[in-house]
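See below for the structure under consideration.
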Amino acid sequence: MPYVSGNTMINEAWKSGYAIGAFTAHNLETIKAVLLAAQEEQSPIMIQIGQKAINEMGMKPLRNAIDSLIEYHQISVPVCVHLDHSRKFEQCMEAATCEFQSLMFDGSALDFEENVRITKAVVDVANALGLGAEGEIGKIGGTEDDITVDEKDAMITTVGEALDFSQRTGVHYLAVSIGTAHGVYKTTPQLKFDRLSEIKEAVQKPIVLHGGSGVPDDQVIEAVKRGVAKINVDTELRQGFIDGVQAHWQANAKDYVLADVMNTGIASMKEVVRHKIRLFGSNGKA
Ligand SMILES: [Zn+2]
4 MPYVSGNTMI
14 NEAWKSGYAI
24 GAFTAHNLET
34 IKAVLLAAQE
44 EQSPIMIQIG
54 QKAINEMGMK
64 PLRNAIDSLI
74 EYHQISVPVC
84 VHLDHSRKFE
94 QCMEAATCEF
104 QSLMFDGSAL
114 DFEENVRITK
124 AVVDVANALG
134 LGAEGEIGKI
144 GGTEDDITVD
154 EKDAMITTVG
164 EALDFSQRTG
174 VHYLAVSIGT
184 AHGVYKTTPQ
194 LKFDRLSEIK
204 EAVQKPIVLH
214 GGSGVPDDQV
224 IEAVKRGVAK
234 INVDTELRQG
244 FIDGVQAHWQ
254 ANAKDYVLAD
264 VMNTGIASMK
274 EVVRHKIRLF
284 GSNGKA
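Using the working numbering, you'd call the opening residue of the sequence shown number 4 and step up by one each time.
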């Protein structure tokens, strides 16, 4: 199996000046779309399993499906399975037991000391097992799975808190709030590039950009130049999948062959993933 620790994968990208796409998968079809896109682009990738997918499908079935599809499609590019936005230490441990290669504890809704305490505990386990660990400081706006952060509550991460959090937790890569949001943007986002550069200079670690869907391509490229090495993409992939299915049903309203309908979604989503891989510069880096 071509699995690689998130720590290794993200640091390699960071040092070489490209970013890893962390693509959210929800079921068999979306896992397949991500894996085939990565193989065609010869790109290392992260497959993210988020809270919504875990609630609906179960962590273990999704994890097993990744194993099976990698084997079935003879995927040879480096793959890292990442737990996205976990809000429980216990769930992070469950993911480690299920052989995820990267864990995110999101304590951004907690007070600072509690966020530090639990994130550090997850990092300690990740270090012992050779896994990658991501933490979050500052609140990223929008809706992710079951959690909504009002735009007025979304906070731009300060350099001081980023540095303090990074040093005290030892986290391997750091999610910060620099003007992106989860979900669909109401207006075009404008990333806070000065703050991103200041944070990167201070912490000297790879930065993670959440809410990567809908950020204009030129801003994504600039963010990667300034130290972003992991970019989370979910919304645009779901849009790609569903738009593909809807277009098929508009043309073939009576097509009840489920596999054919799903294939149009897979093909459409796969093209979105391939575009993102090229944009992030990870194509050909397998
Ligand atoms: Zn996120």
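Ideal Cβ positions, reconstructed from N, Cα and C, are used throughout, including at glycine. Every value quoted in this text rests on a predicted model; they were computed, and no experiment measured them.
Under the three-state reduction of DSSP, which class applies to residue i: helix, strand or coil?
i: Phe244; result: helix
i: Ile159; result: coil
i: Ile210; result: strand
i: Gly268; result: helix
i: Thr146; result: strand
i: Ala250; result: helix
How would you write the range of the alpha helix (DSSP H) that residue i sits in, first residue to last?
i: Tyr75; result: 62 to 75
i: Phe103; result: Phe103 -> no alpha helix (DSSP H), and no H or E assigned at all.
i: Ile13; result: 9 to 19
i: Asn255; result: Looking at the DSSP string, Asn255 is not in any alpha helix (DSSP H), and its letter there is neither H nor E.
i: Asn189; result: Reading the sequence as shown, one finds Lys at residue 189 and not Asn. Neither: Lys189 is in no alpha helix (DSSP H) and is coded neither H nor E.
i: Val80; result: Note, Val80: premise wrong, no alpha helix (DSSP H); not H, not E.
i: Gln222; result: 220 to 228
Can you tell me which of the options puts its alpha carbon nearest to the alpha carbon of residue i?
i: Lys290; options: Met4, Ala22, Ala178; result: The structure shown has nothing for residue 290, since the chain only spans 4 to 289.
i: Ala131; options: Asn10, Arg281, Phe244, Ala56; result: Asn10
i: Pro209; options: Ile121, Ala136, Ile50, Val218; result: Ala136
i: Lys228; options: Leu199, Leu38, Val128; result: Leu199
i: Leu282; options: His29, Glu44, Met4; result: Glu44
i: His251; options: Met265, Glu15, Asn118, Ile280; result: Met265
i: Ala112; options: Asp70, Ser180, Gln222; result: Ser180
i: Asp109; options: Val223, Glu74, Val174; result: Val174
i: Ser105; options: Glu93, Met96, Leu86; result: Leu86
i: Ala36; options: Ile280, Lys279, Asn58, Glu274; result: Glu274
i: Gln207; options: Asp258, Asp167, Ser285; result: Asp167
On the DSSP bridge assignment, give the partners of residue i in chain order.
i: His85; result: Gln51, Ser105
i: Phe168; result: Answer by DSSP bridge pairing: none, since Phe168 is not bridged.
i: Thr27; result: Gln51
i: Lys233; result: Ile23, Val211
i: Ala136; result: Leu106
i: His185; result: Gly145
Between which two residues does the beta strand (DSSP E) holding residue i run?
i: Leu132; result: No beta strand (DSSP E) contains Leu132, which is instead part of the alpha helix (DSSP H) from 115 to 132.
i: Leu177; result: 176 to 179
Using the Cβ count rule (16 or more neighbours within 10 Å means buried), how would you classify residue i?
i: Ile159; result: exposed
i: Trp17; result: buried
i: Leu261; result: exposed
i: Val187; result: exposed
i: Ala256; result: exposed
i: Lys91; result: exposed
i: Gly214; result: buried
i: Asn118; result: buried
i: His76; result: exposed
i: Gln253; result: exposed
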